[in-house]
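What follows is a short report on a single structure.
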Amino acid sequence: VQKDALVKKLKESAADILTRHPGNRCCKYLIPYLDSAEGMALNDSDLEIFRRCVQTGIDNEDSGLGCYAMQPDDYKKFGGFFNAVIRDYHGDETGKEKHVTDWDASSLGDNGVLDVRKIGFQEELSMRVRVGRNLKQYNLPGKMDQAERISFEKTMLKAFDSLIKIKDYGGTVYSLSPDFGKGEKNPNKISDAKYQELVDAHVLFKDMDADPFLKSAGISSDWPYGRGCWQSADKQCIIWFGEEDQLRIMCMKKGYCLNEVFDRLNTMLKVVEGIEGIEFATSDDYGYVTSCPSNLGTGMRASVHVKIPNLTADGTDKKAKEVCKPLGLSVRGTGGEHTPIGSDGTVDISPSNRLFIKECEIIARLYEGVKLLMEKENLKKAVA
Ligand code: ADP
Ligand code: CIR
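Structure below.
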């Protein structure tokens with residue numbers, strides 16, 4: 010009876026929200042899913058997990074996806090639901106595509122060199138490539154409790170110790186965990202001032218509790234336990250732990266050649282995957298498993314900060330977004346997702362696709378995309 014009441018409530022809420030927000034994919038697909046044979050066969054505990062996956066889409070009516078997985082195998086367990094959301098969001102009309110991983114960018118640009126000076130940039134660009142990864146043996150962040158977050162942090166500390174011993178990496182761990190529970194001290198704890206300094210330097214992530222999408226999904230719970238990062242001695246390699254995905258692994262630097270951050274990340278990932286106790290969660294159909302269905306596949310976002318004062322002359326990213334959409338590029342503020350554009354018209358540009366695209370295609374699209382974007386920016390200048 011309890012189960013029937015929960016199913017009825019979910020379906021009613023979804024139907025109501027759809028009248029105002031037809032683009033809410035969670036609400037759109039949960040109704041037919043709960044009516045399907047797979048949905049009807051869910052036992053009480055799985056139905057409760059499913060509810061937690063979709064709660065964010067019910068609480069945040071304007072969600073585009075409105076769901077996060079709670080465990081790596083949710084994409085299979087609730088396959089009828091997630092598959093519909095994923096194929097719709099990622100635009101797979103065949104419904105049959107399988108994700109393929111390929112980092113080989115050696116045939117791109119000039120013998121693998123993607124130099125932005127060749128496409129008209131005179132100044133160094135801030136370049137960053139990140140991937141989302143999760144460990145097979147843990148729940149995804151939405152379902153982790155405080156003890157699991159601390160256990161995960163300790164697993165990562167062992168991995169960071171291995172990295173720190175390698176000449177190319179070295180570095181420091183910065184942790185936000187107040188303690189490790191049961192009176193155990195956290196040796197890497199940083200002050201609030203240091204945390205803010207690292208956020209401002211784009212090294213650490215923002216306070217997730219302020220994000221209503223993540224909050225409803227439980228992803229920001231127990232903040233700030235199990236949160237922090239490792240940064241290499243040369244400051245170019247960073248691994249976040251405890252954000253939307255357990256791990257966000259990235260390379261970042263100012264320069265001209267996009268392949269430098271891309272190749273360095275590829276090398277670092279192989280090193281990390283070789284460390285004992287580190288096994289990333291994957292799916293046969295969707296590649297690397299991430300909390301949000303939008304990041305599945307490559308889990309990769311490759312971005313540059315570029316100044317486009319003409320396209321942002323009205324102080325917003327509206328025009329930039331219009332121009333970028335057909336180029337397959339997303340626009341973000343300089344502080345990351347949901348932040349404002351820079352006062353000088355600087356924005357964060359990245360290829361939108363993550364799934365059913367190869368890693369090497371993402372970096373190629375960024376290179377071609379910023380070239381076309383700057384052509385539009387300069388055209389606008391000529392007209393004005
Ligand atoms: P993610 O890329 O991990 O999805 P965000 O968009 O929130 O997350 O960005 C995280 C941080 O990375 C922010 O501080 C943002 O300013 C920084 N960042 C992203 N791209 C670049 C870049 N090309 N150069 C410098 N900082 C960047
Ligand atoms: C939504 O569904 O609109 C939000 N949950 C955000 C989706 C974008 N994905 C993300 O930030 N990883």
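Residue numbers (the working numbering): 10 to 393. No residue lacks a Cβ here, since even glycine has one placed at the ideal position from N, Cα and C.
The segment 231-277 is shown to contain whole beta strand (DSSP E) runs of 3 or more residues at 237-240, 246-250 and 256-264, in chain order.
For S54, the shortest C-beta to heavy atom distance toward ligand 1 is 6 Å or greater.
Bounds of the beta strand (DSSP E) holding P360 are T355 to P360. In its chain, beyond the 5 residues on either side, N143, K145, L149, A290 and V298 have a beta carbon closer than 7 Å to the beta carbon of P81. Residue state for L336 is assigned as helix, using DSSP reduced to three classes. The three-state reading of DSSP puts T110 in coil, since its state is none of H, G, I, E or B.
The straight-line gap separating the alpha-carbon atoms of L117 and N268 is approximately 9 Å. Of all residues, those with a beta-carbon under 5 Å from at least one heavy atom of ligand 2 are S72, G73, L74, G75, F222, C301 and S303, reported in chain order. Judged by beta-carbon spacing, A311 lies beyond the 7 Å limit of I248, meaning their Cβ atoms are not closer than that value.
Taking G237 as reference, the option from V270, F222, S200 and D272 with the minimal CA-CA separation is S200. Ranked by Cα distance from G66, the options R341, E386 and C36 are led by C36. Checking the 6 Å criterion, the Cβ of D357 is within range of a heavy atom belonging to ligand 1.
Sorting V280, Y265, H347 and F222 by C-alpha distance to the C-alpha of E253 places F222 at the top. Beta bridge pairing from DSSP links M136 with K262 and V313. Assignment of G88 by DSSP, reduced to helix, strand and coil, places it in the helix class.
Contact check for H108 against Y295 passes: the beta carbons are separated by less than 7 Å. Around the beta carbon of P41, fewer than 16 other beta carbons lie within 10 angstroms, which makes this residue exposed. Within the chosen limit of 6 Å, ligand 1 reaches the beta carbon of E346 through at least one heavy atom. In terms of Cα proximity to P335, the closest of S361, A93, K85 and D13 is S361. Assignment of G48 by DSSP, reduced to helix, strand and coil, places it in the helix class. Short of 6 Å from the beta carbon of E47, and not among the five residues preceding or following it, lie these beta carbons of its own chain, in chain order: G89. Pairing N197 with V182 gives a Cβ-Cβ distance under 7 Å. Judged by beta-carbon spacing, G141 lies within the 7 Å limit of G308, meaning their Cβ atoms are closer than that value. About 12 Å separates the CB atoms of S225 and M217; that is not less than 8 Å, and the two are not in contact.
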